[in-house]
Amino acid sequence: MSQKNEVKASTRLQRWFLLALALLITVAFYRVVEPFVISVLMAAIFAGMTRPFYLWMVKKTRGREVASAVLTVLAILILLIGPAIFFVGMLANEALNVSESVGPWIQEQAENPGAIELWLGNWARGLPLVGDLIPEREVILTKLGEIAGMIGGFLVSGLASATRGTVNFIFQLCIMLYANYFFLRTGKETLAKIMYLIPLESEQEDRLVARFVSVTRATLKGTLVIGIIQGSLAGLAFAVAGIDGAIFWGTIMAVLSIIPAVGAAFVWIPAVVYLLATSQVFAGVGLMIWCGIVVGSSDNILRPILVGKDTKMPDLLVLLSTLGGIGVYGALGVIIGPIIAALFLTVWELYGEAFRDILPDVKPA
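Numbering (this note's numbering), first residue to last: -10 to 354.
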């Protein structure tokens, strides 16, 4: 073997060893920082979303980057996190009230004479299925009550678990805020270093970053905005209709709004049935019209504008990635799930382009 070949073999061995060592150290480092990965990821997302405000503050403070980053973090803490903590407190009280009131309500409905028979008996008994459902009134009302109690109890248990983890929550919040401050100041340089270490073409790297940013923006401004709007509109209607726990049910509908078109209906349709079954005809019909037209239309109008245009993903994939994200990452999965799905699609698009010459030329039938 010539000296030149020996040098090449030695260099190749060194590179493979260095690569294996880098992977090993990276895995070990990930195990060290694993408890903070979600906090750091959320900090990166918030830093990207608030960077325009940070740059505006830098301009207003005449180049004082440290002061601008601190003010931006304080704005996040005051405008977003503070109200969220206050709202969770109100929600816990509402959930407790709902879960405690379900039992007496079931007992009252079981003991009262058939209100649903009195309301439906004179004109609707002949409608399909209605006549068969009337004798099962107590069973239907009991099941509705059990579902309401189960949801209320689940939320109470979740909030209790969150309360027990208050110390950990505060610690993770501090990590997120500090990481946010760090990313605001050095995020651009950090991203450039990461992109330098990724062996992809600049155009491919730019596509990955652009997809990450666009999906994050769409998820935040879309899913969260739609949820807030639907939850607020439906919660207001519940309060007007006289249903207890309007804040609680509005929050449930805000969460379920991640399911396109029909999410909130899983709550307001049983509420309409309850109102009609208890002879509150005007309130039931009004709630049905308001939620069916106003709340439903808000989803159909806003979702294509806020979510679909930026994510460029099928609704089914958005739904599955959101629900799967919630199952794996908890509430933050609403954001993380669609981001992973979008990067999944982008990486496979890049794969298809890179291996176009050796992939079979399959055309749609």
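Every residue gets a Cβ at the ideal spot worked out from N, C-alpha and C, and that includes glycine.
Item, Value
"Grab the span of the alpha helix (DSSP H) containing Met355 for me, first residue to last.", "Residue 355 is absent from the model: the chain starts at -10 and stops at 354."
"Among Asp304, Asp288, Phe344, Phe227, which residue has its Cα nearest to the Cα of Ala330?", "Asp304"
"Can you tell me whether Pro188 is helix, strand or coil according to DSSP?", "coil"
"Taking the straight line between their C-alpha atoms, what separation do you get for Ala343 and Trp337?", "10 Å"
"Could you pull out every residue in the same chain whose Cβ sits closer than 8 Å to the Cβ of Ser287, ignoring the five residues on either side in sequence?", "Ile215, Ile218, Gln219, Leu222"
"How far does the alpha helix (DSSP H) with Val262 in it extend, from its first residue to its last?", "254 to 266"
"Measure from the alpha carbon of Gly285 to the alpha carbon of each residue in Ala254, Thr0, Thr240, then state which is nearest.", "Ala254"
"Count the CB pairs spanning the stretch 57 to 71 and the stretch 203 to 210 that are closer than 8 Å, and state whether there are at least three.", "no"
"Grouping DSSP H, G and I as helix and E and B as strand, with all else coil, what is Thr50?", "coil"
"Buried or exposed for Ala327, going by 16 or more other Cβ atoms inside 10 Å?", "Residue identity differs from the one stated: residue 327 is Pro in this sequence, not Ala. So Pro327 counts as buried."
"For Gly110, collect the residues of the same chain with a Cβ closer than 6 Å to its Cβ; drop the 5 residues on either side in sequence, then sort them by chain order.", "Only weak support exists for where Gly110 lies, its pLDDT of 47 falling under 50; the value from the coordinates is given anyway. Excluding positions up to five away in sequence, the list is empty."
"Where does Ile215 fall in DSSP's three states?", "helix"
"Using only the alpha-carbon positions, how far apart do Leu14 and Ile183 sit?", "The sequence given here has Ile at residue 14, not Leu. If you take the alpha carbons of Ile14 and Ile183, they lie about 16 Å apart."
"Around the C-beta of Thr61, are 16 or more other C-beta atoms found within 10 angstroms, so that it is buried, or is it exposed?", "buried"
"I need the boundaries of the alpha helix (DSSP H) containing Phe271, first residue and last residue.", "270 to 278"
"Whole angstroms is fine: what's the gap from Val22's alpha carbon to Val29's?", "10 Å"
"Applying the criterion that 16 or more other CB atoms from any shown protein chain within 10 Å of the CB defines a buried residue, is Trp257 buried or exposed?", "buried"
"For Gln3, does the count of other Cβ atoms within 10 angstroms reach 16, so buried, or fall short, so exposed?", "exposed"
"Return the CA-CA distance between Thr335 and Glu178, expressed in angstroms with no decimal places.", "24 Å"
"Can you tell me whether DSSP reads Arg345 as helix, strand or coil?", "coil"
"Touching or not, the stretch 259 to 275 and the stretch 306 to 324, by the rule of three or more beta carbon pairs under 8 Å?", "no"
"If you run the structure through DSSP and keep just helix, strand and coil, what is Gly231?", "coil"
"Can you give the Cα-Cα distance for Gly239 and Leu348, rounded to whole angstroms?", "50 Å"
"Less than 8 Å between the CB atoms is what I'm expecting for Ala260 and Ile232, so what's the real figure, rounded?", "6 Å"
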